[in-house]
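A.B. asks: In our numbering, the protein residues as written are 111 to 809.
All C-beta atoms in this analysis are idealised placements derived from N, C-alpha and C, irrespective of residue type, glycine included.
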């Protein structure tokens, strides 16, 4: 709908062809900007396009307008946003110099000054919107300090006067959203005469985050509608702000709260917000007074898209089905696989169910594509595979899952060295904090389940002291014993990179909980694993990544000279080792309990990057083009696992040859899914390879 403004401008509609979003045109977003955030506003515009969002609610601050850069900022912002979406501006915040006290939440000394300012702003920007919202959460003391206006008389004079003139001039008015929803306060607005100038009633609600004693949306909206009906007011109710804070990583509940809001019988719903709040900025309540304030976004401040963003951007029935929470699914599960929707977890769950176990998969689905693995397991095994959408940083949900099982495989992690370099705190929170949550959940059990934890060979550092020589297309150790057996567990730990530190610290916790608390645990220090259900992103398996680049005709950038060596282990052989380890843990074997084992293909399954290119050429008919970049932090030029300790303890041996394994992965990749275009250079986390951008910037 559009309107004719008194200034002959026509309010623009949504851009042609814009999508309605996941639940129709009713659902918009809320995003607030500070003066000067030009770059962030452009990023938000790009996100709105990606998400197909047609409506945006944003703030226009009276206080910011009086800053030296205020008019210039809004001269740019409002036309820019209105060119993309239908804007609902919320006019609010008293200039401190004009308040009864120096605060933006204060009533102004002269209530009419607000209407005067608004009249001026409508002259300047009114052609860019049809509706305007008058203040924000006026029954919230942080937004309107009603202690200075205990009967809302100043508020009524201020907003009533502004609404009167706005309607006289042709705009439609929205009463600032009540938070919490308050029928008695709405009655007071009728008593004060405000509502005769209001077209739409705004309401806010944040069930699951705030609003203790929440009565449910039907009750809340019904109570407000009764007040409107009693006074003969025909205007609709809009939910001008609702959302859910993921500060405890409860993404399943976030999806449910969104679904509840999107299905409400109201003309409009605005979801707060697109982006998490900058952690270095204060909220209206102060700097980190309430941590929940900082985590309402569809994506994090580092750009990482949360699960709701992914569903909004491209509604995927597989994700939606996987994301349905259900505590009943935790019952009678014999094996818990944390991080079980990933590559290794899928293969492990497949093997466990085939052996008669019921598997509970606990995963946050943060890696795009893993829902395909989960769907594959469920279609194949039905109720034998259960699922809980959860994050290992959410210790409360995790504790409930651990109670119902007899064995635990902890595979969840932040897995990339480069990601750890970009965000060491996140790496620490996931790998150390998450693992401690798992261990504490086990410790709370009367009879703790056995735990297998997957660590990494990065706990040995860069292995720079191993003297190497070049032989053909690979490095080989000068020391004949290392060349014959590989790197053994007796080697001193030497954590390099934040990733090495976090995984190393986590594994030491795992081993100590066996020693100190008697919980049966063991650790696998993993080398390179490959096989089916590996999607071949840069930070999840360089063998699969090479193959997919070749299949997509995508070039590679290899960090180093390509002669670095790894032992590679086919995933089925790894799964066999995991099952054996758990059997020995349940038996209380001292050869396995509280021990760490190097786990890989060993000296018989060794491969350099250049040699893999040759294998790909044999399989695929041509090899991907490769350029070479500088060595990256903590890269090991040679690492081969000495697996003799685990073989002695369990009798395990790897069985799949390198040639057999690569062929099987290649055939799976060809048949499993379309091959996507190569990712942008530097987008992943491998210390070995990256996609190389082709001419013109396109991969």
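For residue 417 versus residue 365, is the C-beta distance shorter than 8 Å?
C.D. replies: Yes; because the gap between Cβ atoms is below 8 Å, this pair is in contact.
A.B. asks: Taking just the CA atoms, how far does residue 695 sit from residue 477?
C.D. replies: Approximately 30 Å, taken between the alpha carbons.
A.B. asks: If residue 302 sits next to residue 262, beta carbons under 8 Å apart, how far is it from one beta carbon to the other, in whole angstroms?
C.D. replies: Yes, they are in contact, since the Cβ atoms of residue 302 and residue 262 sit about 6 Å apart, within 8 Å.
A.B. asks: Residues in the same chain with beta-carbon distance under 8 Å from residue 637, minus the five sequence neighbours each way, listed in chain order, please.
C.D. replies: So the list reads 567, 676, 677, 678, 679, 708, 709, 710, 711, 749, 750, 751, once near-sequence residues are dropped.
A.B. asks: How many Å lie between residue 583 and residue 536 at the Cα?
C.D. replies: Straight-line Cα distance between these residues: approximately 37 Å.
A.B. asks: Identify whether residue 454 lies in helix, strand or coil by the three-state DSSP scheme.
C.D. replies: Residue 454 falls in the helix class under three-state DSSP.
A.B. asks: Under 7 Å Cβ to Cβ from residue 353, same chain only, skipping five residues before and after it: list those, please.
C.D. replies: Answer for residue 353: 316, 381, 382, 383, 406, listed in chain order.
A.B. asks: Here's a check: name, in chain order, each residue in its chain whose Cβ is nearer than 7 Å to the Cβ of residue 205, leaving out the five neighbours to either side.
C.D. replies: Cβ neighbours of residue 205 beyond the five flanking positions: 172, 173, 176.
A.B. asks: By Cβ distance, which residues of its chain are closer than 7 Å to residue 287, with the 5 residues on each side in sequence left out?
C.D. replies: For residue 287, where only same-chain residues beyond five positions count, the Cβ hits under 7 Å are 246, 247, 312, 313, 314, 350, 351.
A.B. asks: Within a Cβ cutoff of 6 Å, which residues of the same chain sit near residue 630, ignoring the five residues on either side of it in sequence?
C.D. replies: Cβ neighbours of residue 630 beyond the five flanking positions: 560, 695, 703.
A.B. asks: Under 8 Å between the Cβ atoms of residue 216 and residue 253?
C.D. replies: Result no, Cβ atoms of residue 216 and residue 253 do not sit closer than 8 Å.
A.B. asks: Quick one: complete alpha helix (DSSP H) runs, 4+ long, within the stretch 736–773?
C.D. replies: Here the runs fully enclosed are 754–760.
A.B. asks: For residue 250, which residues from the same chain have a beta carbon less than 7 Å from its beta carbon, with the 5 sequence-adjacent residues on both sides left out?
C.D. replies: Only 289 meet the Cβ criterion.
A.B. asks: Can you give the Cα-Cα distance for residue 622 and residue 549, rounded to whole angstroms?
C.D. replies: The straight-line gap from Cα to Cα measures roughly 10 Å.
A.B. asks: Please report whether the beta-carbon of residue 748 lies at a distance below 8 Å from any beta-carbon of chain C.
C.D. replies: No chain C appears in the structure shown, which is made up of a single protein chain.
A.B. asks: What three-state label does DSSP hand residue 673 in the structure shown?
C.D. replies: Coil.
A.B. asks: Counting along the chain, where does the alpha helix (DSSP H) carrying residue 658 start and finish?
C.D. replies: Segment 652–661, the alpha helix (DSSP H) holding residue 658.
A.B. asks: Identify the continuous beta strand (DSSP E) that holds residue 568 and give its terminal residues.
C.D. replies: Segment: none, residue 568 is in no beta strand (DSSP E) and carries neither H nor E.
A.B. asks: Which residues in the same chain as residue 713 place their Cβ atom closer than 6 Å to its Cβ, once the five residues preceding and following it in sequence are excluded?
C.D. replies: Closer than 6 Å at Cβ, skipping near neighbours: 596, 750.
A.B. asks: If I measure Cβ to Cβ from residue 142 and keep anything under 8 Å in the same chain, skipping five residues before and after, which residues do I get?
C.D. replies: Answer for residue 142: 168, 169, 383, listed in chain order.
A.B. asks: When DSSP labels each residue in this structure, what does residue 615 get in the three-state scheme?
C.D. replies: Three-state result, residue 615: helix.
A.B. asks: Where are the alpha helix (DSSP H) runs, 4 residues long or more, that stay fully inside the stretch 358–428, in chain order?
C.D. replies: With a minimum length of 4 residues, the continuous alpha helix (DSSP H) runs that stay inside the stretch 358–428 are 361–372, 417–423.
A.B. asks: In the structure shown, what three-state DSSP assignment does residue 292 receive?
C.D. replies: Here residue 292 sits in coil by DSSP.
A.B. asks: Rounded to whole angstroms, what's the CA-CA distance from residue 196 to residue 236? Just pull it up for me.
C.D. replies: Taking the straight line from one Cα to the other gives about 13 Å.
A.B. asks: Give the secondary structure of residue 252 by DSSP, where H, G and I count as helix, E and B as strand, and everything else as coil.
C.D. replies: Residue 252: coil per DSSP, three-state reduction.
A.B. asks: Across which residues does DSSP place residue 244 in a beta bridge pair?
C.D. replies: Looking at the DSSP assignment, residue 244 forms a beta bridge with 201, 285.
A.B. asks: So who's on the other strand from residue 692, going by DSSP bridges?
C.D. replies: Residue 692 is not bridged to any residue.
A.B. asks: Can you tell me the Cα-Cα spacing of residue 283 and residue 334, whole angstroms?
C.D. replies: About 18 Å.
A.B. asks: Can you give me the C-alpha to C-alpha distance between residue 291 and residue 532, rounded to a whole angstrom?
C.D. replies: Distance between the alpha carbons of residue 291 and residue 532 is about 42 Å.
A.B. asks: If distances are taken between C-alpha atoms only, which option among 420, 162, 305, 183 comes closest to residue 147?
C.D. replies: The residue with the shortest Cα to Cα distance from residue 147 is 183.
A.B. asks: Check for me: the alpha helix (DSSP H) holding residue 544 runs from which residue to which?
C.D. replies: Counting along the chain, the alpha helix (DSSP H) containing residue 544 begins and ends at 544–553.
A.B. asks: For residue 715, does the three-state DSSP call read helix, strand or coil?
C.D. replies: DSSP places residue 715 in coil when its eight states are reduced to three.
A.B. asks: If you run the structure through DSSP and keep just helix, strand and coil, what is residue 562?
C.D. replies: Three-state DSSP puts residue 562 in a strand.
A.B. asks: Drop a sphere of 10 angstroms on the beta-carbon of residue 270, count the other beta-carbons inside from all chains shown, and report buried for 16 or more, exposed for fewer.
C.D. replies: The residue in question, residue 270, is buried, as its Cβ has 16 or more Cβ neighbours within 10 Å.
A.B. asks: Between residue 299 and the rest of its own chain, which residues show a CB-CB distance below 6 Å, the 5 nearest in sequence each way excluded?
C.D. replies: The answer, listed in chain order, is 305.
A.B. asks: Residues in its own chain within less than 8 Å of residue 524 by CB, not counting five upstream and five downstream?
C.D. replies: The residues are 530, 536, 537, 540, 541, 609, 612.
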